[in-house]
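Data block below; observations after.
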Amino acid sequence: MPHTSKSNQGTTENTDIAPRTPRPQDDTVQPVRRIPGELGMWVFVFTDLMMFSAYFGAFMYERGNNLQEFSDGRSAMRTDFGLANTFLLLTASLLIALAVSAVRDSAVRPARGLLLGAGACGVAFVVNKGFEWSAEAAVGHTPQSSIFFQMYYVLTGIHLLHVVIAMVVIVLMWRLLRRVEGEPGSQQLQFLENGATFWHLTDALWIVLFTLFYLVR
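Under my numbering, the first residue of the sequence shown is numbered 1, with each subsequent residue one higher.
Here's what the structure looks like:
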């Protein structure tokens with residue numbers, strides 16, 4: 001009898017253990033992270049950055065050899081023009097980033113409006129740069145007046161060419177979205193990302209130019 005009671009007690013203890021509930025499997029598909037745009041665009045961006053790095057290095061070299069001339073040139077710069085251009089490019093970059101994000105969410109119509117806003121900022125940048133050049137030339141600050149202004153016109157001119165090309169790309173992006181209904185294809189999205197990457201490149205280059213010509217003393 002004691003043996004039977006101990007056996008029954010063991011049986012009771014075993015039946016009190018709750019079975020383990022298997023954990024539910026997470027079937028959610030995690031999005032694959034990737035670099036936006038194509039590899040070729042990033043190779044171009046890297047190459048362009050290397051080219052401008054050489055220009056920036058030449059600027060610092062000449063500045064080291066002509067400190068007073070560069071100090072006088074920087075003091076003559078119209079910072080209000082530079083700040084306005086910086087605001088325009090940063091605003092355009094924000095609008096383009098929002099446009100690409102909207103396209104990824106299949107919100108094509110809002111994306112077209114955002115691209116138009118970015119293009120308007122680009123036009124305003126070009127017009128403002130023209131006014132700035134005219135104002136500098138009117139007081140005798142020409143490429144022949146000093147090495148500072150020679151480098152100023154050359155580097156900002158090359159950058160302005162980048163902005164004009166980027167504006168053409170924005171027009172192509174806008175025209176592409178006019179033909180897109182609903183979710184864009186992978187190639188269409190890549191083209192939009194390439195265009196956005198190029199615009200962000202012009203933005204980054206301008207930040208360096210603004211620092212060198214308007215801020216560095």
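Idealized CB from N, CA, C, for every residue including glycine.
Put residue i into one of helix, strand or coil per three-state DSSP.
i	result
Gln-150	helix
Trp-206	helix
Gly-119	helix
Asn-66	coil
Gln-144	coil
Glu-38	coil
Val-216	coil
Pro-110	helix
Val-127	helix
Asp-105	coil
Glu-183	coil
Val-139	coil
Met-77	coil
Thr-197	helix
If we ignore side chains and look at the alpha-carbon of each, how far apart do residue i and residue j end up?
i	j	result
Val-169	Ser-93	13 Å
Val-163	Phe-44	15 Å
Ser-146	Glu-69	7 Å
Ala-124	Leu-161	14 Å
Leu-49	Ile-158	13 Å
Gly-130	Glu-38	33 Å
Leu-89	Asn-65	32 Å
Ala-138	Glu-62	25 Å
Thr-47	Asp-72	33 Å
Glu-13	Ser-106	Residue placement at Glu-13 cannot be trusted, given a pLDDT of 47 that sits under 50; what the coordinates show is reported in the next sentence. Cα to Cα, Glu-13 sits roughly 59 Å from Ser-106.
Glu-193	Thr-202	14 Å
Ala-54	Ala-204	15 Å
Ala-135	Thr-211	20 Å
Leu-215	Met-51	22 Å
Glu-181	Gly-140	54 Å
Leu-67	Thr-142	19 Å
His-83	Trp-42	Residue identity differs from the one stated: residue 83 is Leu in this sequence, not His. Roughly 28 Å between the two C-alpha positions.
So, are the CB atoms of residue i and residue j less than 8 Å apart?
i	j	result
Leu-115	Ala-97	no
Val-103	Leu-189	yes
Trp-199	Asn-85	no
Leu-177	Arg-112	yes
Phe-81	Asn-128	yes
Let me make sure I understand the geometry here. Which of the options has the alpha-carbon closest to that of residue i?
i	options	result
Gly-119	Gln-190, Asp-72, Gly-57 and Ala-196	Ala-196
Ala-254	Val-171, Leu-155, Leu-189 and Ile-165	Given that the chain is displayed from residue 1 to residue 217, the structure contains no residue 254 and the question cannot be resolved.
Arg-175	Met-151, His-141, Val-108 and Trp-133	Val-108
Gly-117	Leu-95, Phe-131, Leu-201 and Thr-47	Leu-95
Met-77	Phe-149, Leu-201 and Asp-203	Phe-149
Trp-133	Asp-72, Ser-106, Ser-53 and Thr-79	Thr-79
Phe-87	Val-126, Gly-40, Trp-42 and Thr-142	Val-126
Phe-213	Ser-53, Arg-74 and Gly-185	Arg-74
Met-151	Phe-46, Gly-140, Met-60 and Leu-215	Met-60
Cys-121	Met-167, Thr-142, Glu-136 and Ser-106	Met-167
Pro-184	Gln-144, Ser-101 and Ala-204	Ser-101
Tyr-153	Leu-209, Arg-179, Ile-165 and Ser-186	Leu-209
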